[in-house]
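Numbering-wise (my numbering), the sequence shown opens with residue 64 and increments by one. Note that the Cβ used here is the ideal one computed from N, Cα and C, for glycine as well.
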Amino acid sequence: MRMLIGGMLLAALAGCSLPASLVPGEPNVSKISGKTPKDYAACVLPLWQQDVAKTSQTSISNGYRITAPSIVTADEILDVVKYKDGSRVSLYQGPPWAKSGSLRKAVRDCL
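Below is the structure:
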């Protein structure tokens, strides 16, 4: 019985740790920037790395994905893609109790 409960708990925690971009839904923040995806990502990345040292950046179609890993909940993910003469910025965060205000502030400061 303990094994069954432990297995169910582990499965529930694994579901909570999926990156928000893999879960259907709207981004927590969606903004337009006049900066190119490269320039915008160059502004946000060091600010996120000050808060979460293992923050990483990867290239995606038409832009970049910046990921701040979390030990407890879903990673915080920022997609920056080409949009008209600038960028579309989409921030995906976990549950309300786990959102980082400083990462959200960096997203807005770099616009």
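Worksheet item: Is TRP111 near ILE123, with beta carbons less than 8 Å apart?
Response: Numbered from its first residue, the sequence shown carries residue 111 at position 48. Numbered from its first residue, the sequence shown carries residue 123 at position 60. The answer is no: Cβ separation not under 8 Å.
Fill in: Neighbourhood of PRO90 by C-beta distance below 6 Å, restricted to the same chain and skipping five residues each side
Indexing the sequence shown from 1 puts residue 90 at position 27. Result list for PRO90: SER153, LEU154, TYR155, in chain order.
Worksheet item: If PRO100 and SER150 are in contact, beta carbons under 8 Å, what's the gap, nearest whole angstrom?
Response: Stepping through the sequence shown from its first residue, residue 100 is reached at position 37. Stepping through the sequence shown from its first residue, residue 150 is reached at position 87. About 5 Å separates the two Cβ atoms, so the contact holds.
Item to complete: With distances taken Cα to Cα, identify the nearest neighbour of ASP102 among GLY88, ILE140, VAL144, VAL92.
Response: Here residue 102 corresponds to residue number 39 of the sequence shown, with the count starting at 1. Of the listed residues, the one whose Cα sits closest to ASP102 is VAL144.
Item to complete: Give me whichever residues DSSP pairs with TYR155 in a beta bridge.
Response: Against the sequence shown, residue 155 aligns to sequence position 92. Under DSSP, the beta-bridge partners assigned to TYR155 are ILE140.
Item to complete: Pull up the distance between the alpha-carbon of SER96 and that of LEU141, whole angstroms please.
Response: By 1-based counting over the sequence shown, the position of residue 96 is 33. By 1-based counting over the sequence shown, the position of residue 141 is 78. Their Cα atoms are separated by approximately 13 Å.
Worksheet item: Quick one: does the C-beta of THR136 sit closer than 7 Å to a heavy atom of the ligand GTP?
Response: Although the ligand GTP was asked about, the structure shown includes no ligands whatsoever.
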